[in-house]
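Visitor:
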Amino acid sequence: MKIDNSTIQKLAHLSRLEFDAQGVEKMKADLSQILDWMEQLNEVDTEGVEPLTTMSTEVNVLREDVLGEHLPHEDGLKNAPQRDSDYFRVPKVLE
Amino acid sequence: MLDKSIKDTYELVIGLEVHAQLLTKSKMYTSDSTEYGNLPNTHISVITLGHPGTLPKVNKRAVEYAVKMGIACNSEITRRNIFARKNYFYPDLPKGYQITQDKGPICVGGVVPITLPDGTEKEVALTRIHMEEDAGKSMHLAGEVDTLVDFNRAGVPLIEIVSEPDMRSSEEAYAYLVEIKKLVRYLDICDGNMEEGSLRCDANISVRKRGESAYGKKVEVKNMNSFRNVARAIEHEFERQVLLAEAGVEIVSETRTFDATTGTTASMRTKEDLNDYRYFPEPDLSPVVISEEWLQSVRESMPPLPRFLYQKFMQTYQLPAYDAGVLTESKEIALYFEALCTHTQAYKGASNMVMGPVKSYLNELTLSIADFPIPVENLAKLVDLADTGKVSASVATQRLFPTMLARPEVDPLALAQELNLIQESDTASILPIVEEVVAAFPDKVAAYKGGKKGLLGMFMGEVMKRSKGKADPKVATQLLTEQLEK
Numbered sequence: 001m002k003i004d005n006s007t008i009q010k011l012a013h014l015s016r017l018e019f020d021a022q023g024v025e026k027m028k029a030d031l032s033q034i035l036d037w038m039e040q041l042n043e044v045d046t047e048g049v050e051p052l053t054t055m056s057t058e059v060n061v062l063r064e065d066v067l068g069e070h071l072p073h074e075d076g077l078k079n080a081p082q083r084d085s086d087y088f089r090v091p092k093v094l095e
Numbered sequence: 001m002l003d004k005s006i007k008d009t010y011e012l013v014i015g016l017e018v019h020a021q022l023l024t025k026s027k028m029y030t031s032d033s034t035e036y037g038n039l040p041n042t043h044i045s046v047i048t049l050g051h052p053g054t055l056p057k058v059n060k061r062a063v064e065y066a067v068k069m070g071i072a073c074n075s076e077i078t079r080r081n082i083f084a085r086k087n088y089f090y091p092d093l094p095k096g097y098q099i100t101q102d103k104g105p106i107c108v109g110g111v112v113p114i115t116l117p118d119g120t121e122k123e124v125a126l127t128r129i130h131m132e133e134d135a136g137k138s139m140h141l142a143g144e145v146d147t148l149v150d151f152n153r154a155g156v157p158l159i160e161i162v163s164e165p166d167m168r169s170s171e172e173a174y175a176y177l178v179e180i181k182k183l184v185r186y187l188d189i190c191d192g193n194m195e196e197g198s199l200r201c202d203a204n205i206s207v208r209k210r211g212e213s214a215y216g217k218k219v220e221v222k223n224m225n226s227f228r229n230v231a232r233a234i235e236h237e238f239e240r241q242v243l244l245a246e247a248g249v250e251i252v253s254e255t256r257t258f259d260a261t262t263g264t265t266a267s268m269r270t271k272e273d274l275n276d277y278r279y280f281p282e283p284d285l286s287p288v289v290i291s292e293e294w295l296q297s298v299r300e301s302m303p304p305l306p307r308f309l310y311q312k313f314m315q316t317y318q319l320p321a322y323d324a325g326v327l328t329e330s331k332e333i334a335l336y337f338e339a340l341c342t343h344t345q346a347y348k349g350a351s352n353m354v355m356g357p358v359k360s361y362l363n364e365l366t367l368s369i370a371d372f373p374i375p376v377e378n379l380a381k382l383v384d385l386a387d388t389g390k391v392s393a394s395v396a397t398q399r400l401f402p403t404m405l406a407r408p409e410v411d412p413l414a415l416a417q418e419l420n421l422i423q424e425s426d427t428a429s430i431l432p433i434v435e436e437v438v439a440a441f442p443d444k445v446a447a448y449k450g451g452k453k454g455l456l457g458m459f460m461g462e463v464m465k466r467s468k469g470k471a472d473p474k475v476a477t478q479l480l481t482e483q484l485e486k
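Protein sequences appear in the order of chains A and B. Here the first sequence stands for residues 1 to 95, where the numbers follow the UniProt record's numbering. Here the second sequence stands for residues 1 to 486, where the numbers follow the UniProt record's numbering.
1. Do the CB positions of Lys-137(B) and Asp-202(B) come within less than 8 Å of each other?
2. Which residues bound the beta strand (DSSP E) around Met-139(B)?
3. Can you list the residues of chain A that Arg-61(B) reaches, using a CB-CB cut of under 8 Å?
4. Could you tell me which residues DSSP puts in a beta bridge with Val-219(B)?
5. Using DSSP with H/G/I as helix, E/B as strand and the rest coil, what is His-51(B)?
6. From the DSSP output, which residues share a beta bridge with Leu-126(B)?
7. Please classify Gln-101(B): does DSSP put it in a helix, a strand, or coil?
8. In chain B, what lies closer than 9 Å to Glu-58(A) by C-beta?
9. Between Met-69(B) and Ile-189(B), how many whole angstroms is the CB-CB distance? I'm expecting something under 8 Å.
10. Kindly indicate if chain B contains any beta-carbon less than 8 Å away from that of Glu-95(A).
11. Any idea if Ala-439(B) is buried or exposed, counting beta-carbon neighbours within 10 angstroms, 16 or more meaning buried?
12. Determine whether the beta carbon atoms of residue 537(B) and Ser-163(B) lie at a separation below 8 Å.
13. For Asp-146(B), write down the residues that DSSP places opposite it in a beta bridge.
14. Would DSSP call Pro-303(B) helix, strand or coil?
15. If we ignore side chains and look at the alpha-carbon of each, how far apart do Phe-83(B) and Gly-23(A) end up?
16. Return the Cβ separation of Asp-284(B) and Leu-55(B) in integer angstroms, given the expectation that the two are a contact with Cβ distance under 8 Å.
17. How should Lys-470(B) be labelled, buried or exposed, when 16 other C-beta atoms within 10 angstroms of its C-beta is the threshold for buried?
18. Beta-carbon within less than 6 Å of Ile-251(B)'s beta-carbon, same chain only, minus the 5 sequence neighbours each way: which residues are those?
19. Considering only C-alpha positions, which residue in the set Pro-52(B), Leu-39(B) and Ile-106(B) is nearest to Ile-71(B)?
20. DSSP three-state label for Lys-474(B), please.
21. Val-49(A) CB to nearest chain B CB: under 8 Å?
22. Tell whether a beta-carbon distance below 8 Å holds between Met-355(B) and Val-326(B).
23. For Gly-396(B) versus Leu-382(B), is the C-beta distance shorter than 8 Å?
24. Taking C-beta pairs closer than 8 Å, name the residues in chain A that Lys-57(B) reaches, listed in chain order.
25. When the Cα atoms are used, what is the spatial distance from Arg-153(B) to Glu-195(B)?
26. Looking only at its own chain, which residues have a Cβ that is under 7 Å from the Cβ of Gln-478(B), when we skip the five neighbours before and after it?
27. Could you check whether the Cβ of Ile-82(B) sits closer than 8 Å to any Cβ belonging to chain A?
28. Residue range of the alpha helix (DSSP H) that residue 182(A) falls in?
29. Is it true that the CB of Gln-101(B) sits closer than 8 Å to the CB of Met-139(B)?
30. From what residue to what residue does the alpha helix (DSSP H) around Asp-443(B) run?
31. Check whether the region 254 to 265 of chain B and the region 209 to 225 of chain B touch, using three or more Cβ-Cβ pairs below 8 Å as the test.
32. So the beta strand (DSSP E) Asp-259(B) belongs to, where does it begin and stop?
33. Which residues in chain A have a C-beta closer than 8 Å to the C-beta of Lys-25(B)? List them in chain order.
34. Hey, quick one: how far does the alpha helix (DSSP H) through Ile-8(A) stretch, first residue to last?
35. From the DSSP output, read off the bridge partner residues of Ile-114(B).
Below is the structure:
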């Protein structure tokens with residue numbers, strides 16, 4: 001499947017990624033390959049088959065509304081690239 | 001400024017999306033607390049933070065709350081529910097997707113009846129109600145280089161109530177929000193506090209020439225933190241969009257933010273860019289199947305709804321629409337009134353008692369009806385006492401009621417006797433007072449006979465004073481008139 005530049009641009013924007021010209025070419029080739037491979041699924045006859053939404057046959061795996069343990073504040077923040085004593089810090093996003 | 005005659009050639013079309021935070025103890029897909037107002041990033045877990053290898057699990061009560069809202073709005077309840085991932089990248093969404101519902105929302109269709117200030121009734125149709133989770137909270141503080149993120153709110157259960165574009169004025173939108181808030185509070189599924197963000201509203205607003213059947217391009221307005229601001233934003237958009245249309249400028253479908261200080265809206269981003277959420281079924285959650293038994297048990301747990309009580313108060317208790325409206329504003333007051341009416345048949349008197357002294361006492365001390373000291377049986381006795389004329393209405397509310405607040409268990413009749421407040425309604429005891437008054441003001445009597453009928457009020461006041469407020473006004477008026485006309 002052919003991927004054009006504008007599709008790559010759109011996907012890059014949605015994924016918050018940036019590519020240089022060389023990167024775009026490589027990504028185009030990779031994505032085409034992935035999509036071609038996935039296209040094999042089109043050969044399967046799915047007439048009358050309900051879409052599969054989960055791998056399990058279970059239903060109603062529910063939780064009662066009770067409190068569990070919280071992750072300690074310090075542990076929660078531990079892996080953040082940037083933080084202070086209270087908050088996760090991220091590059092400024094303006095709405 | 002837009003000319004009204006031009007504005008009138010346009011029709012305003014409004015659809016509202018209301019997010020209601022559910023009053024569960026724990027979050028939608030994990031057992032962290034939903035409590036508001038704690039230190040940042042303390043109500044978190046690996047699921048909330050979207051750590052790899054974690055699995056969500058649906059909160060049963062949140063499902064039941066969504067079903068309750070659906071039943072209240074007469075929606076069709078979807079029996080087999082699946083969840084969907086809505087993908088977007090924003091710092092307040094740790095997983096990179098929100099678990100929501102896309103195809104097959106838990107409630108399909110439905111209707112919310114609204115009453116406008118002039119008494120007009122209208123039905124606003126619902127498109128759907130679906131379950132989802134809230135995002136974290138980002139703070140963009142002035143002087144800060146970074147954005148600060150708190151994930152306490154991330155994962156708090158929400159229902160999103162989506163209306164059809166059925167509203168045609170800001171008054172209708174306001175009335176709709178009032179009704180939604182009343183419903184969620186009656187159902188006890190959301191505290192309905194818009195200022196604190198537990199109820200949030202986005203408005204889809206468009207205009208079209210009157211008579212046209214196609215809708216105009218819609219603009220979505222966000223960030224209105226009160227019902228009044230929703231109405232203001234709608235008014236502003238109406239004007240702005242008509243001005244654009246009149247100038248021949250195409251209206252762009254976009255998201256705009258409302259600024260409460262200026263009362264205007266400003267563009268946030270063009271919708272086309274971001275509107276690609278690439279929904280797909282959430283593979284981490286198994287379907288939630290709502291059986292007939294489950295649905296029935298939720299149905300049985302439903303409280304009486306405001307509309308039902310409103311109609312009942314007018315039909316069964318013969319109350320005016322105004323009374324029925326005031327009494328059903330909150331479930332607690334409505335149910336208290338219901339309880340009161342099982343002890344007295346003087347419904348209008350009971351209504352006056354609740355709308356007047358009871359409500360002002362509660363407001364003054366910011367108490368809820370649960371804290372009201374006078375037992376309902378006793379208040380009913382007071383209502384009856386006034387209704388049967390044993391005491392006057394003003395004695396009941398101004399003398400007996402305040403005393404009963406301090407002595408809630410006292411029998412009102414015994415109290416009235418003790419305070420010597422029983423109203424005199426027999427002619428024998430009132431007549432001497434009337435004669436006394438007539439004799440005391442011969443010149444006023446002459447004036448009255450000469451045509452100054454307005455003096456009756458002065459005579460009545462004198463009779464009431466001399467009887468210490470105990471004379472039945474009806475009997476006293478009759479006797480006075482007889483004496484004066486002699």
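Beta carbons are placed, not taken as given, at the ideal position from N, Cα and C, and that holds for glycine. As the structure is a prediction and not an experimental result, all values here were calculated from the model.
Guide: According to the structure shown:
1. no
2. 137 to 139
3. Glu-64 and Asp-65
4. Ile-205(B)
5. coil
6. Ser-163(B)
7. coil
8. Ser-286 and Pro-287
9. 6 Å
10. In this prediction, Glu-95(A) has a pLDDT of 49, which is less than 50 and means its spatial position is unreliable; nothing more can be read from the coordinates.
11. exposed
12. Here chain B has residues from 1 to 486 only, and residue 537(B) is not among them.
13. Pro-91(A)
14. coil
15. 35 Å
16. 5 Å
17. buried
18. Lys-217, Gln-241 and Leu-244
19. Ile-106(B)
20. helix
21. no
22. yes
23. It is worth fixing the name first, because residue 396(B) is Ala in this sequence and not Gly. It is a contact, given that the beta carbons lie within the stated cut-off.
24. Val-61, Leu-62 and Arg-63
25. 16 Å
26. none
27. yes
28. What is shown of chain A runs 1 to 95, which leaves residue 182(A) out entirely.
29. no
30. 442 to 449
31. yes
32. 254 to 259
33. Asp-65, Val-66 and Leu-67
34. 5 to 14
35. Lys-122(B)
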